[in-house]
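Q: Heads up: the sequence lines are chains A and B, in that order.
For the first sequence, our numbering gives the first residue as 1, with consecutive numbering after it.
For the second sequence, our numbering gives the first residue as 353, with consecutive numbering after it.
Cβ atoms here follow ideal geometry from the backbone N, Cα and C, with glycine treated the same way.
Before we start, here is the structure in question, set down as structure tokens.
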Amino acid sequence: MNWLQRNIRPEQIREFSLLLLIVVAITIFSALIPNYFVPRTFDRIASSVAIIAVAAVGQTLVVLTRNIDLSVGSLIGCSAYFAGTMAGLDKGLPPIVVVLIAVALGVAGGIVNGLIVTLGRVPSIIVTLGTLAIYRGFLVDLSGAKTVTTDSLPKWIVDLPHASVFSLGKLDFTVSIVLTLVIVAIFQFAITRMNYGRRFYAIGSNPDAAQLIGMPLRSTVFTTFVLSGALAGLAGFLTLARYGNITVDNGRGLELQVVAAVVVGGVNIFGGSGTVVGAMLGAVLIGTLEQSLYRLDISEFWRDALLGLLILLAVASDAVILERLRALWSRTELKLIDKPPPQVGAVGGSPP
Amino acid sequence: MKALALLKSWEGLLLFLLIVIVGLSFENSPVYMGVGNIVNLFQLEIEKIIVALAMTLLIINGEIDLSVASVMGLAACVVAWMFHHGVSMPLAMLAALVAGAVAGLFNGFWVAYVGLPSLAVTLAGLIGYRGIARILVEDRSYGGYPAWFNAIGQHPQFGPLTVSIIVFAILFVVTAVVLHLSGFGRLVYVMGNNLQAARYSGIRVRPIKMSLFVASSTVSALAGILYATRLGSVRGDMAQGFELDIITMVLLGGVSIFGGSGNLAGVGLSILAILNLRNGMGLANITGNTQTSVIGALLILSVLVPNTVDMIRNKWKGRTT
Chain A
1 MNWLQRNIRP
11 EQIREFSLLL
21 LIVVAITIFS
31 ALIPNYFVPR
41 TFDRIASSVA
51 IIAVAAVGQT
61 LVVLTRNIDL
71 SVGSLIGCSA
81 YFAGTMAGLD
91 KGLPPIVVVL
101 IAVALGVAGG
111 IVNGLIVTLG
121 RVPSIIVTLG
131 TLAIYRGFLV
141 DLSGAKTVTT
151 DSLPKWIVDL
161 PHASVFSLGK
171 LDFTVSIVLT
181 LVIVAIFQFA
191 ITRMNYGRRF
201 YAIGSNPDAA
211 QLIGMPLRST
221 VFTTFVLSGA
231 LAGLAGFLTL
241 ARYGNITVDN
251 GRGLELQVVA
261 AVVVGGVNIF
271 GGSGTVVGAM
281 LGAVLIGTLE
291 QSLYRLDISE
301 FWRDALLGLL
311 ILLAVASDAV
321 ILERLRALWS
331 RTELKLIDKP
341 PPQVGAVGGS
351 PP
Chain B
353 MKALALLKSW
363 EGLLLFLLIV
373 IVGLSFENSP
383 VYMGVGNIVN
393 LFQLEIEKII
403 VALAMTLLII
413 NGEIDLSVAS
423 VMGLAACVVA
433 WMFHHGVSMP
443 LAMLAALVAG
453 AVAGLFNGFW
463 VAYVGLPSLA
473 VTLAGLIGYR
483 GIARILVEDR
493 SYGGYPAWFN
503 AIGQHPQFGP
513 LTVSIIVFAI
523 LFVVTAVVLH
533 LSGFGRLVYV
543 MGNNLQAARY
553 SGIRVRPIKM
563 SLFVASSTVS
573 ALAGILYATR
583 LGSVRGDMAQ
593 GFELDIITMV
603 LLGGVSIFGG
613 SGNLAGVGLS
623 ILAILNLRNG
633 MGLANITGNT
643 QTSVIGALLI
653 LSVLVPNTVD
663 MIRNKWKGRT
673 T
């Protein structure tokens with residue numbers, strides 16, 4: 001038990017159980033659905049997970065600091081639409097520029113959110129509820145109800161979903177999957193191993209204490225909103241590449257799925273605990289359910305009901321089981337520290 | 353002095369805003385102040401403002417209910433499904449209300465008795481209840497209700513007023529009495545201000561939280577039924593996304609998202625301001641989408657402006673003393 005407690009944190013048990021749940025889900029689906037284990041299934045699940053996972057990484061950073069970003073759905077829609085329009089207008093535009101346009105739009109949205117939250121001291125749920133409507137409004141007004149179509153896009157974007165970086169057996173790892181994995185790896189390293197990343201946890205656990213020890217509270221929170229915007233922009237580009245046809249309604253309601261992935265992934269909605277890998281696993285579980293349920297003979301309409309139940313279970317297990325585990329862990333830690341110190345100077349002390 | 357204090361208060365600001373909006377709209381369109389337009393103005397968003405009343409209690413209590421719009425959809429779908437499976441209409445409507453109450457019990461159980469964050473629980477409810485509604489009606493559209501059912505929503509029954517408006521008026525008075533004149537209302541505030549202190553002073557916080565969630569969901573179910581009577585047909589995606597509008601109405605009314613402060617007068621004024629703004633912009637040929645953006649901006653400004661004024665005032669004080 002002691003070895004276990006020294007080497008594994010409760011959060012890792014939580015992530016492991018999520019992984020187990022994904023395996024169980026896949027096993028059940030493969031028993032129910034004929035021809036489940038084909039590359040096509042993997043491809044379909046992975047490309048839909050990629051979009052949500054990338055946005056969920058940014059959302060995790062924001063949620064860790066006790067904030068929330070509800071505007072990501074609108075930002076994904078904006079960046080997908082405008083990057084698609086630009087790429088369609090000038091087909092010679094180099095790929096990196098198109099990606100940068102998408103990311104820059106997201107960053108711009110994130111800067112606005114971050115400034116109002118940190119300088120204006122407005123609660124993030126109010127700010128992003130407002131910008132959710134405002135960014136969508138921009139998109140609908142500026143687009144003039146036109147649609148980006150696959151025909152108008154340059155060939156490299158249309159081909160991107162099929163461009164494989166490397167293959168594992170019959171499974172193709174496409175650009176978007178590799179990109180997602182790289183992003184998750186980078187941010188996981190940054191928030192668990194780097195000084196700057198640990199600040200997110202410190203601020204989320206106790207903002208007052210973080211400020212007292214001299215952490216730049218506002219600039220850090222601001223950074224999380226900018227990063228969330230940037231990653232939403234990137235998710236917008238992935239959406240553009242995956243679907244090709246982008247209407248002004250693109251990404252509407254996606255913020256709920258992103259928040260759901262984060263919550264299922266074990267990130268505490270009140271900040272201070274959770275990991276990027278957890279959020280990605282949450283996105284994978286949701287994506288697997290979403291893409292598999294509609295191939296079952298029972299109606300696809302069960303999907304939402306199951307997803308709701310899943311979120312509830314995730315949060316409940318977080319509160320009930322994880323809290324117990326944490327308590328157990330910290331009790332042992334206390335025991336290790338609390339060994340009674342050797343009584344050296346018992347002469348001048350205790351009253352009779 | 354009292355007038356000045358009113359002007360500086362949140363409600364004063366909203367009242368000023370309301371007068372400006374009504375003034376501009378009246379100048380823009382001469383039909384604006386007609387009885388027909390005023391009834392119409394309420395009628396178009398009546399379901400949302402009914403739910404906003406119950407939401408006010410919950411947010412003051414320090415919780416939030418994101419699942420209201422899904423419960424509205426669920427109630428409408430329960431009515432449609434039962435009616436088309438041969439259940440008489442009054443019984444179907446009763447079943448829908450019960451479904452709403454059960455949804456509220458479910459939310460309340462997890463929040464009040466297990467202690468989960470309401471944001472997460474009702475997010476699950478938002479997705480889950482919508483899912484149950486979808487299971488019931490799938491992607492069909494159910495119409496063909498009895499004439500009296502459609503008449504409830506579509507024709508004025510009391511002079512120029514419809515049943516929904518009467519329901520809203522009654523609920524507004526009931527909410528005002530409960531929140532501002534009863535001991536229960538004081539407890540709602542106390543719990544929103546400091547839940548720990550409330551618990552330690554012997555208040556039975558769990559049943560109170562539970563009853564607020566049940567009230568919120570039951571009122572949402574009622575609003576969902578009224579929405580069905582107004583539209584005359586029911587689909588699975590009914591009322592989708594309404595929760596954002598409803599929460600905006602409450603927060604714009606000066607209710608703190610952290611609980612413990614705000615009052616129903618503010619929410620009433622904010623409802624009037626939003627209704628008039630939407631209606632006025634509609635008469636000025638501004639699209640619904642831009643209207644939503646303007647209200648989003650208003651929501652942010654409603655907190656940003658007082659904060660900025662406070663900050664500047666504090667800085668000024670710091671310099672002079």
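For the beta strand (DSSP E) containing V165/A, list its first residue and its last residue.
A: Within the first sequence, the letter at position 165 stands for residue 165/A. Run containing V165/A: S164 to L168, per the beta strand (DSSP E) assignment.
Q: Hey, does P207/A have any beta-carbon neighbour from chain B nearer than 8 Å?
A: Taking the first sequence and counting its residues from 1, the one referred to as residue 207/A is at position 207. No, because no Cβ of chain B sits closer than 8 Å to the Cβ of P207/A.
Q: Grab me the residues of G88/A's own chain with a C-beta within less than 7 Å of its C-beta, minus the 5 sequence neighbours each way, in chain order.
A: For the purposes of this step, residue 88/A is taken as the residue at position 88 of the first sequence. The residues are V148, S152 and L153.
Q: Is it buried or exposed, T288/A, if we count other Cβ atoms within 10 angstroms and call 16 or more buried?
A: Stepping through the first sequence from its first residue, residue 288/A is reached at position 288. Its Cβ being crowded by 16 or more others within 10 Å, T288/A is buried.
Q: Check F301/A in the structure and name its three-state DSSP category.
A: Position 301 of the first sequence, counting from 1, holds the residue named residue 301/A. Reduced to three states, the DSSP call for F301/A is coil.
Q: From what residue to what residue does the alpha helix (DSSP H) around T149/A run?
A: Translated into the one-based positions of the first sequence, residue 149/A becomes position 149. T149/A -> no alpha helix (DSSP H), and no H or E assigned at all.
Q: Taking beta-carbon pairs under 8 Å, can you tell me which members of the segment 116 to 148 of chain A lie near chain B?
A: Answer in chain order: I116, G120, R121, V122, P123, I125, I126, V127, L129, G130, T131, L132, A133, I134, R136, G137, F138, V140 and D141.
Q: Checking the sheet assignment: what are the DSSP bridge partners for Y552/B?
A: Locating residue 552/B in the second sequence gives position 200, where the first residue counts as 1. Answer by DSSP bridge pairing: none, since Y552/B is not bridged.
Q: Any beta carbon from chain A within less than 8 Å of N628/B's own beta carbon?
A: As a working note, residue 628/B is residue 276 in the second sequence. With 8 Å as the cut-off, N628/B does not count as an interface residue toward chain A.
Q: Is G349/A close to chain B, meaning its C-beta is less than 8 Å from at least one C-beta of that chain?
A: One-based indexing of the first sequence puts residue 349/A at position 349. Bear in mind that the predicted position of G349/A carries a pLDDT of just 44, short of 50, making it unreliable; the figure below should be weighed with that in mind. Taking Cβ atoms only, chain B never reaches closer than 8 Å to G349/A, which makes this a no.
Q: Contact criterion: CB-CB distance below 8 Å. Does G114/A meet it with respect to chain B?
A: In the first sequence, the residue the question calls residue 114/A occupies position 114. No, G114/A does not count as interfacial toward chain B.
Q: Per DSSP, what kind of secondary structure is V226/A in: helix, strand or coil?
A: Looking up residue 226/A in the first sequence gives position 226. Looking at V226/A - three-state DSSP - the assignment turns out to be helix.
Q: Where does D69/A fall in DSSP's three states?
A: Taking the first residue of the first sequence as position 1, residue 69/A is located at position 69. Residue state, collapsed to three classes: coil.
Q: Measuring CB to CB, does S709/B end up less than 8 Å from Q395/B?
A: This structure cannot settle anything about residue 709/B, because the visible part of chain B is limited to 353 through 673.
Q: Between V221/A and T65/A, is the Cβ-Cβ spacing less than 8 Å?
A: Locating residue 221/A in the first sequence gives position 221, counting from the first residue. Locating residue 65/A in the first sequence gives position 65, counting from the first residue. For V221/A and T65/A, yes; Cβs fall inside 8 Å.
Q: Within 8 Å (strictly less), CB to CB, does F270/A reach chain B?
A: As a working note, residue 270/A is residue 270 in the first sequence. With 8 Å as the cut-off, F270/A counts as an interface residue toward chain B.
Q: Run through DSSP, which three-state label would L418/B get?
A: Looking up residue 418/B in the second sequence gives position 66. It is coil, neither helix nor strand.
Q: Taking only the alpha-carbon atoms, compute the straight-line gap between N628/B and G605/B and give it to the nearest angstrom.
A: Position 276 of the second sequence, counted from the first residue, corresponds to residue 628/B. Position 253 of the second sequence, counted from the first residue, corresponds to residue 605/B. Cα-Cα distance, rounded: 14 Å.
Q: To the nearest whole angstrom, what separates the beta carbons of L369/B and A528/B, a pair I think is in contact under 8 Å?
A: Residue numbering aside, residue 369/B sits at position 17 when the second sequence is read from its first letter. Residue numbering aside, residue 528/B sits at position 176 when the second sequence is read from its first letter. Not confirmed; about 21 Å, so no contact.
Q: To the nearest angstrom, report how far apart A230/A and I111/A are at their CA atoms.
A: As a working note, residue 230/A is residue 230 in the first sequence. As a working note, residue 111/A is residue 111 in the first sequence. Taking the straight line from one Cα to the other gives about 10 Å.
Q: Taking the straight line between their C-alpha atoms, what separation do you get for E11/A and A427/B?
A: Within the first sequence, numbered from 1, the residue matching residue 11/A stands at position 11. Within the second sequence, numbered from 1, the residue matching residue 427/B stands at position 75. Spanning the two alpha carbons is a distance of roughly 39 Å.
Q: Is it buried or exposed, T27/A, if we count other Cβ atoms within 10 angstroms and call 16 or more buried?
A: Stepping through the first sequence from its first residue, residue 27/A is reached at position 27. Flag for T27/A reads exposed.
Q: Please check the pair V63/A and V262/A, which I expect to be a contact at CB under 8 Å, by giving their CB distance rounded to whole angstroms.
A: Start at 1 with the first residue of the first sequence, and residue 63/A comes out as number 63. Start at 1 with the first residue of the first sequence, and residue 262/A comes out as number 262. Contact flag correct, Cβ pair sits at about 6 Å.
Q: Alpha carbon to alpha carbon, what distance is there between F610/B and E415/B?
A: For the purposes of this step, residue 415/B is taken as residue 63 along the second sequence, with counting starting at 1. For the purposes of this step, residue 610/B is taken as residue 258 along the second sequence, with counting starting at 1. Their backbone Cα atoms lie some 8 Å apart in a straight line.
Q: Closer than 9 Å, Cβ to any Cβ of chain A: which residues of the segment 470 to 490 of chain B, in chain order?
A: Cβ contacts with chain A: L471, A472, V473, L475, A476, G477, L478, I479, G480, Y481, R482, G483, I484, A485, R486, I487, L488, V489 and E490.
Q: Residues in the same chain with beta-carbon distance under 6 Å from S205/A, minus the five sequence neighbours each way, listed in chain order, please.
A: On the first sequence, residue 205/A is found 205 positions in, with the first residue counted as 1. Only G272 meet the Cβ criterion.
Q: Along chain B, which residues have their Cβ under 7 Å away from the Cβ of A319/A?
A: As a first step, residue 319/A is located in the first sequence; it is residue number 319 there, counting from the start. Within 7 Å Cβ-Cβ: V466, G467 and L468.
Q: Mind checking if T514/B is an interface residue toward chain A, Cβ cutoff 8 Å exclusive?
A: In the second sequence, the residue the question calls residue 514/B occupies position 162. No, because no Cβ of chain A sits closer than 8 Å to the Cβ of T514/B.
Q: Could you say which of L328/A, G109/A, A316/A and W302/A lies nearest to E490/B if we only look at CA atoms?
A: Mapped onto the second sequence, residue 490/B falls at position 138. With distances taken between Cα atoms, E490/B lies closest to W302/A.
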